[in-house]
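**Student:** Mind having a look at this structure? Questions to follow.
2 protein chains.
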Amino acid sequence: MRQAGRYLPEYRAIREKVSFLELCQNPALACEVTLQPIKRFGFDGAILFSDILVPLVPMGLHLSFGPDHGPQISNPVRKAYDVHRIRQADPQECGYVAEALKLIRGQLAPSITLLGFAGAPFTLASYMVEGGSSKNFSHIKQFMYTEPEAYHLLLQKITQTTIAYLKMQIEAGAQAVQLFDSWAGMLSPEDYRLYAHPYACQVLDAISPLAPIIHFAKQGGSFLPILSKTSAQAVGIGWEIDILEAGRIIPPNRTLQGNLDPGALFAPPALLKNKIQNILKFAANLPHPFVFNLGHGLLPQTPIDSVTLLIEQVRSFNPELV
Amino acid sequence: MRQAGRYLPEYRAIREKVSFLELCQNPALACEVTLQPIKRFGFDGAILFSDILVPLVPMGLHLSFGPDHGPQISNPVRKAYDVHRIRQADPQECGYVAEALKLIRGQLAPSITLLGFAGAPFTLASYMVEGGSSKNFSHIKQFMYTEPEAYHLLLQKITQTTIAYLKMQIEAGAQAVQLFDSWAGMLSPEDYRLYAHPYACQVLDAISPLAPIIHFAKQGGSFLPILSKTSAQAVGIGWEIDILEAGRIIPPNRTLQGNLDPGALFAPPALLKNKIQNILKFAANLPHPFVFNLGHGLLPQTPIDSVTLLIEQVRSFNPELV
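If you want it as structure tokens, here you go:
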């Protein structure tokens, strides 16, 4: 989950000079911003500073980020014939991401794991068709129901692009990667199975032999039985999911990652400690390997002291004493 | 779920003349709009045209609806002392809702059930604290974690207002009501249990002896075990939930309601039929009483022919033949 961001003054100082997209596309600045939370907090893993949408640019989408509006695409895919102008992109067209990863790896202590990531094909398609974030996802649903051939062609182009993009990240130094299906939860389980999961699985099958891959379907609690049967080494667990329930459904040879609500960092220290300890204790009683993490990225107003407290709590936890 | 709306030309014609809030507050127009989908489609139930936020006005919030921005509150609750200016409202201050229900009942065929509704206390509090819709609900979470006394005082005021408001609706002619916890899914199961569920239960306990009440926690699939143990006669099942899974968790003396994705109405007829038939067949095999419905309100661009087809499919379904 994103570590760097607006909650850090050193990040805001850089963002005063460049736009969000410029920051993603500038290897030296992306490297600097990636390392900011490592320098401040000493996390065990460093997460590439980027955005799941950057591969959409070489695919032919006109992408911008408004100051507070989130991503906007001025030429969305709405008709079947729009799919023909969408290119399966060469990952070198996002070569700045590989450059950033090489720079980060060069400056990162060898003991710190470097993580890359990509959006899952359904989520990227949602942005392409909706033209940005959406309230009800009516455009992407209409498109996939009424133009199934064009939809599947689009998803196949995105899938191939994503596989090549993640391979490039791994070659450039990413030691593990995460696949984010941020909008999976907007689908019924049946639709998820038909329209989203097969493409996520293609990515997971292609990448999991190369590096550990974490599969995270946001608000995907109802899909856990499906998510538990992929080739991904790890499954992301959102905070809306009871971790014990996840442990019952997901086989114990899979790593679980999560599941603290990023909103919990707004709690006072005693309550935050309690929430962290609960997850650590529940996880310690499960047979699965567990990576403590937030259920999503750090929020812009997160108090810095809460992040410090979180690290102390996780580092000092002794599962033998549970 | 909302039946009237922008997908109907007769609704859009009225909305050209009045704002959304004026429409909610005008009994004659609210009645007219409530009856529009009944006249056109002949549904078995009529749903009061209103908004869950109207009781916030007498409680002291300055509420408006932008043309496409959703609700906005210019004086949100952000500090503990803000709670003191929030009034437990007399439902007669929303007397226009009772007036509308009386007018509707007078014009509705006796065979058609009239349904009222209200927002659940946590969801109303979220709007009050966030000042509108929210992406990450950081304000309400910060408020409930850091100001628990003020939070619980606020929720108690909302709960009492909501109980009185639903009683007024039932006295005015609502034969069943629905309690919407639209933002419940933004909470972890533990937080839902602590900060949202007790207040929803107070409303359900006060209202269920008076009229059947449907409890719907949107994106609340992880809370089904909690939702299955209330005094509500019916449980709303969103489309992200597998209805067979819901049937396993919820006791068979409770009615299930749902669970078609409103986005399914954008599918071509054959696919839409298939999606409707699947739900009807699954539900017919469950021991629970079942009310076919969408998992949420009708979307603005919904094709009218899809609504007609839906009604034909549900009316002609014979559970004996499953």
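These protein sequence lines are chains A and B, in that order.
Per numbering that gives the first Met the number 0, the very first residue in the first sequence carries number 0; after that it's consecutive.
Per numbering that gives the first Met the number 0, the very first residue in the second sequence carries number 0; after that it's consecutive.
The C-beta atom is built at its ideal place from N, Cα and C for all residues, glycine as well.
(1) With distance defined between alpha-carbon atoms, name the residue in Ala269/A, Ile303/A, Thr158/A and Phe281/A nearest to aspartate 204/A.
(2) By the 9 Å beta-carbon criterion, what residues does the region 73-89 of chain B contribute toward chain A?
(3) Name the residues in the region 162-192 of chain B whose C-beta lies less than 9 Å from a C-beta of chain A; which are they?
(4) Whole angstroms are fine: how far does the CA of serine 187/B sit from the CA of serine 63/B?
(5) Does the beta-carbon distance from aspartate 50/A to cysteine 93/A come in below 8 Å?
(6) Strictly under 8 Å for the Cβ-Cβ distance: is asparagine 135/A near chain B by that measure?
(7) Tell me which same chain residues have a C-beta within less than 7 Å of the C-beta of asparagine 258/B, skipping the five on either side of it?
(8) Leaving out five residues on either side along the sequence, give the residues of the same chain with a beta carbon under 6 Å from the beta carbon of phenylalanine 48/A.
(9) Rounded to whole angstroms, what is the Cα-Cα separation between isoleucine 225/A and proline 250/A?
(10) Listing by chain order, which chain B residues have their CB less than 7 Å from the CB of leucine 7/A?
(11) Could you pull the DSSP bridge partners for proline 70/A from this structure?
(12) Hey, how far is the Cα of isoleucine 72/A from the Cα of threonine 160/A?
(13) With DSSP as the reference, label asparagine 292/A as helix, strand or coil.
(14) Who are the neighbours of leucine 298/B on chain A, taking C-beta pairs under 7 Å?
(15) Do you know how far the Cα of serine 315/B is from the Cα of tyrosine 194/B?
(16) I want to know whether the region 129-149 of chain B touches the region 166-180 of chain B - three or more CB-CB distances under 8 Å.
(17) So the alpha helix (DSSP H) aspartate 304/A belongs to, where does it begin and stop?
(18) Do you know how far the Cα of alanine 266/B is from the Cα of proline 302/B?
(19) With burial defined as no fewer than 16 other Cβ atoms inside 10 Å of the residue's Cβ, what is the status of histidine 196/A: buried or exposed?
(20) Taking 8 Å as the threshold (beta carbon to beta carbon), is glutamine 218/B in contact with chain A?
(21) Can you pull the chain B neighbours of glycine 65/A, defined as C-beta to C-beta under 8 Å?
(22) Here's a check: name, in chain order, each residue in its chain whose Cβ is nearer than 6 Å to the Cβ of leucine 209/B, leaving out the five neighbours to either side.
(23) Classify proline 286/B as buried or exposed, calling it buried when 16 or more other Cβ atoms lie within 10 Å of its own Cβ.
(24) Along the alpha helix (DSSP H) that carries glutamine 256/A, what are the first and last residues, could you check?
(25) Kindly indicate which residue of Asp67/B, Thr307/B and His214/B has the alpha-carbon position closest to the one of glycine 131/B.
(26) Taking a contact to mean a Cβ-Cβ separation below 8 Å, would you say alanine 119/A touches aspartate 180/A in this structure?
(27) Grouping DSSP H, G and I as helix and E and B as strand, with all else coil, what is leucine 279/A?
(28) Which residues, in chain order, does the region 35-60 of chain B contribute to contact with chain A at a C-beta distance below 8 Å?
(29) With a threshold of 16 other CB atoms inside 10 Å of the CB of histidine 61/B, please say whether the residue is buried or exposed.
(30) Just how far apart, CA to CA, sit phenylalanine 291/B and glutamine 256/B?
(31) With a 10 Å radius around its C-beta and 16 neighbouring C-beta atoms as the bar for buried, classify aspartate 260/A as buried or exposed.
(32) Here's the rule: buried if 16 or more other CB atoms are within 10 angstroms of the residue's CB, otherwise exposed. What is alanine 149/B?
(33) Round the Cβ separation of glycine 184/B and glutamine 232/B to the nearest angstrom and send it over; I've been treating them as touching at under 8 Å.
(34) Less than 8 Å between CB atoms is the rule here; does glutamine 141/B satisfy it with respect to chain A?
(35) Is the separation between the beta-carbon of valine 176/A and that of phenylalanine 116/A shorter than 8 Å?
(36) Name the two residues that bound the continuous beta strand (DSSP E) containing isoleucine 206/B.
**Tutor:** Walking through what the data contain:
(1) That would be Thr158/A, whose Cα lies nearest to the Cα of aspartate 204/A.
(2) Flagged: no residues at all.
(3) Using a CB distance below 9 Å, the part of the region 162-192 of chain B facing chain A consists of Gly184, Met185, Leu186, Ser187, Pro188, Glu189, Asp190 and Tyr191, ordered along the chain.
(4) Those two C-alpha atoms are separated by around 30 Å.
(5) Going by beta carbons, aspartate 50/A and cysteine 93/A fall outside the 8 Å limit.
(6) Chain B, which has a Cβ nearer than 8 Å to the Cβ of asparagine 135/A, makes this yes.
(7) Shown here for asparagine 258/B: same chain residues with a beta carbon closer than 7 Å to its own, the five before and five after excluded, namely Ile236, Gly237, Trp238, Ile240, Ile242, Ile278 and Gly294 in chain order.
(8) Only Ala3, Ala29, Val32 and Thr33 meet the Cβ criterion.
(9) Cα to Cα, the separation comes out at about 12 Å.
(10) By Cβ distance, chain B contributes nothing, its closest Cβ being about 16 Å from leucine 7/A, past 7 Å.
(11) Answer is Phe64/A, bridged to proline 70/A.
(12) Isoleucine 72/A and threonine 160/A: Cα-Cα distance of roughly 18 Å.
(13) Judged by DSSP in its simplified three-state form, asparagine 292/A adopts strand.
(14) Under the 7 Å cutoff, chain A gives Asn135 and Ser137.
(15) Distance between the alpha carbons of tyrosine 194/B and serine 315/B: 43 Å.
(16) Verdict: no, contact absent.
(17) Boundaries of the alpha helix (DSSP H) around aspartate 304/A: 303-315.
(18) When rounded, the distance between both Cα atoms is 9 Å.
(19) Flag for histidine 196/A reads buried.
(20) It does: the Cβ of glutamine 218/B has a partner Cβ on chain A nearer than 8 Å.
(21) By Cβ distance, chain B contributes nothing, its closest Cβ being about 14 Å from glycine 65/A, past 8 Å.
(22) The residues are Ile169.
(23) The residue in question, proline 286/B, is exposed, as its Cβ has fewer than 16 Cβ neighbours within 10 Å.
(24) No alpha helix (DSSP H) holds glutamine 256/A; the beta strand (DSSP E) holding it covers 254-259.
(25) Closest option to glycine 131/B, Cα to Cα, is Asp67/B.
(26) Yes, the pair counts as a contact, with Cβ atoms nearer than the cut-off.
(27) Helix.
(28) Against chain A - using a Cβ distance shorter than 8 Å - the region 35-60 of chain B contributes no residues.
(29) For histidine 61/B, the number of other beta carbons within 10 angstroms of its own is below 16, and it is reported as exposed.
(30) Roughly 6 Å separates the two Cα atoms.
(31) So aspartate 260/A counts as buried.
(32) Its Cβ being crowded by 16 or more others within 10 Å, alanine 149/B is buried.
(33) Between glutamine 232/B and glycine 184/B the Cβ distance is about 22 Å, and since that is not below 8 Å, they are no contact.
(34) Among the CB atoms of chain A, one or more fall inside 8 Å of the CB of glutamine 141/B.
(35) It is a contact, given that the beta carbons lie within the stated cut-off.
(36) Isoleucine 206/B -> not in any beta strand (DSSP E); alpha helix (DSSP H) instead, spanning 196-206.
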